[in-house]
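Residue numbers (UniProt numbering): 1 to 177. Glycine included, each C-beta is placed from N, C-alpha and C at the ideal position.
Structure, rendered in structure tokens:
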């Protein structure tokens, strides 16, 4: 698979998804955007959340709902055709190599790294800030999969230069307590 082409496709889809979310839900106070995949490396999907949604969450669960893309209001919404095309391409590539575990490990690692690179590029270009007028929380995650704590910490630090980074890292310190 040509990961440079895939990266361009994911970037274009992420831009479109975020713009669609802003057009439809900007008044709700969008504060976050994520790309996520699955352990089988068959999908890439967007997710975003709003301050309005957080008002409905039990206070004890605020941090979880604030920072867990699987719980966000607008999960798998935005640039539907583009993300469906990306997922179809990923599945086609996986089917060609479904017996090769070593190949899969490399493919999965490269896919995850590509998604993080796209988010980092958009952050560094101030893409989100230019639309919303302020920094937002960015994350890459994988459904039904847990990153090593240090790897997750590195993703958060790499994608966030704002108050969300500090709050998330502080929250991580409470895990398992």
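Option nearest residue i by Cα separation, candidates the options
i: residue 26; options: 74, 61, 91; result: 74
i: residue 32; options: 151, 111, 67; result: 67
i: residue 137; options: 24, 49, 11; result: 49
i: residue 117; options: 35, 85, 29; result: 35
i: residue 2; options: 175, 128, 89; result: 89
i: residue 171; options: 145, 98, 61; result: 61
i: residue 23; options: 131, 14, 169; result: 131
Sheet register partners of residue i (DSSP bridge)
i: residue 75; result: 47
i: residue 143; result: 38
Residue span of the beta strand (DSSP E) that contains residue i, given as start and end
i: residue 62; result: From DSSP, residue 62 is part of no beta strand (DSSP E) but of the alpha helix (DSSP H) over 62 to 67.
Nearest-angstrom Cβ-Cβ length linking residue i and residue j, presumed shorter than 8 Å
i: residue 149; j: residue 157; result: Between residue 157 and residue 149 the Cβ distance is about 13 Å, and since that is not below 8 Å, they are no contact.
i: residue 86; j: residue 10; result: 6 Å
Min CB distance residue i to chain B below 8 Å
i: residue 28; result: Although the question refers to chain B, the structure presented lacks it and comprises just one protein chain.
Where the alpha helix (DSSP H) through residue i begins and ends
i: residue 157; result: 149 to 159
i: residue 180; result: In this structure the chain extends from 1 to 177, so residue 180 is not present and cannot be described.
i: residue 162; result: From DSSP, residue 162 is part of no alpha helix (DSSP H); its letter is neither H nor E.
Neighbourhood of residue i by C-beta distance below 7 Å, restricted to the same chain and skipping five residues each side
i: residue 179; result: A query on residue 179 cannot be resolved here, the shown segment of the chain reaching from 1 to 177 and no further.
Contact set for residue i: own chain, Cβ-Cβ below 6 Å, skip 5 residues either direction
i: residue 97; result: 103
Close beta carbons around residue i, own chain, < 8 Å, minus the five adjacent residues each side
i: residue 180; result: The requested residue 180 is not part of the displayed model; the chain covers only 1 to 177.
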